[in-house]
Amino acid sequence: MPTSPSAPAAPHPLPGPPDIRLIVTDMDGTLLDGTGRLPAALWSVLAELRSRGVLFSPASGRQYATLARQFADAGDGMVFIAENGTYVVRDGVELSSDPLDGAVAARVVGTTRQLVADGADVGAVVCGKKSAYVERTDAAFLAEARKYYALLRTVPDVTAVEDEIIKVAVFDFGPAERTTAPALKPFTATHQVVVSGEHWVDIMNLTADKGAAIRRLQQDLGITPAQTMVFGDYLNDLGMLDTAEWSFAMANAHPDVLGRARHVAPSHTENGVLRTITDLLHLPPLDSH
Numbered sequence: 102m103p104t105s106p107s108a109p110a111a112p113h114p115l116p117g118p119p120d121i122r123l124i125v126t127d128m129d130g131t132l133l134d135g136t137g138r139l140p141a142a143l144w145s146v147l148a149e150l151r152s153r154g155v156l157f158s159p160a161s162g163r164q165y166a167t168l169a170r171q172f173a174d175a176g177d178g179m180v181f182i183a184e185n186g187t188y189v190v191r192d193g194v195e196l197s198s199d200p201l202d203g204a205v206a207a208r209v210v211g212t213t214r215q216l217v218a219d220g221a222d223v224g225a226v227v228c229g230k231k232s233a234y235v236e237r238t239d240a241a242f243l244a245e246a247r248k249y250y251a252l253l254r255t256v257p258d259v260t261a262v263e264d265e266i267i268k269v270a271v272f273d274f275g276p277a278e279r280t281t282a283p284a285l286k287p288f289t290a291t292h293q294v295v296v297s298g299e300h301w302v303d304i305m306n307l308t309a310d311k312g313a314a315i316r317r318l319q320q321d322l323g324i325t326p327a328q329t330m331v332f333g334d335y336l337n338d339l340g341m342l343d344t345a346e347w348s349f350a351m352a353n354a355h356p357d358v359l360g361r362a363r364h365v366a367p368s369h370t371e372n373g374v375l376r377t378i379t380d381l382l383h384l385p386p387l388d389s390h
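Structure (structure tokens):
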């Protein structure tokens, strides 16, 4: 007796979206587009994430005041990991900080002043909780500093300001890895010296970076690495890549970042962060926003 043909095998179900509770992204070279602007579709994506209970957090070397201004339309509840993780704020309330000893900040400034005396085109930004402070007052330098520091004051002596210092950032008009970073290498024995962009070097405590800030946030909120997604492109993002199972280097990232991340997202000029979030979490397509 002939046998009946077997029923076709059921297709394998498509994998559901991962259980993401926290998304952390760098700004420059990562979330921002090629002109340094936030992508237009961001606000709709943020609203959808909020409705799903997913916390979205910018993590940047930028000042808290700068980030808060950029995301002023996003509403309450966003966590800002500012100043490369040394200052974390939610709804105007400090969640954590890692202040830098004033004597160390003064030595970094002294090294920067010596670089200037030797002919280097550099300038220090002393980053406090109230404001950022500079001695250099030429238009070219101030234009670069103001990209990242919405609250910026020029003072006669940055080592004499009355503020809680959390970081010193040095801007180099040339490649920072060539001139500024080597000059600051002696500080690596006791502090972090992080090349945070082509022209920036940040000096912070050894205990302060984006990764440490994310781990504290995960612990406070009960979020695991498997529930965390991070995006980065430069050397100051290396620490946070280790906090998430869903770690993404942008296609335009520094080679060390590409080597450290578990996954690669499209370039920041291709809206890589939002495209990846939309695809993995099965959000409405970006073109429908």
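Take the sequence shown: its position 264, counted from the start at 1, is 365 in my numbering, and no numbers get skipped. Every residue, glycine too, gets a C-beta built ideally from N, C-alpha and C.
Asked                                                                                                                                                                       : Found
For a cutoff of 8 Å on Cβ pairs, would you count ASP380 as touching chain B?                                                                                                : Here chain B cannot be found, since the structure has a single protein chain.
Measure the CB-CB distance between LEU252 and GLN171 and report whether it falls below 8 Å.                                                                                 : no
Cα-Cα, which of SER232, ALA354, ARG237 is closest to TYR250?                                                                                                                : SER232
For LEU387, which three-state DSSP category applies?                                                                                                                        : helix
Between the beta-carbon of ALA350 and the beta-carbon of GLY323, is there less than 8 Å?                                                                                    : no
Which residue from GLU195, ARG247, PRO257 puts its Cα closest to that of THR167?                                                                                            : ARG247
Pairs of beta-carbons, one from the stretch 340-347 and one from the stretch 316-330, closer than 8 Å: are there three or more?                                             : yes
Output needed for GLN319: all residues of its chain with C-beta closer than 8 Å, excluding positions within five of it in sequence on either side, in chain order.          : LEU123, THR325, PRO326, THR329, THR344
Drop a sphere of 10 angstroms on the beta-carbon of HIS383, count the other beta-carbons inside from all chains shown, and report buried for 16 or more, exposed for fewer. : exposed
With a 10 Å radius around its C-beta and 16 neighbouring C-beta atoms as the bar for buried, classify GLY135 as buried or exposed.                                          : exposed
Check this for me: beta carbons of ILE267 and PRO200, under 8 Å apart or not?                                                                                               : yes
When the distance is taken between beta carbons, is VAL227 closer than 8 Å to PHE288?                                                                                       : no
Can you tell me the Cα-Cα spacing of LEU196 and ALA169, whole angstroms?                                                                                                    : 15 Å
Please report how far the alpha carbon of ALA148 lies from the alpha carbon of ALA207, in whole angstroms.                                                                  : 43 Å
Buried or exposed: where does VAL194 fall if 16 or more other Cβ atoms within 10 Å of its Cβ makes it buried?                                                               : exposed
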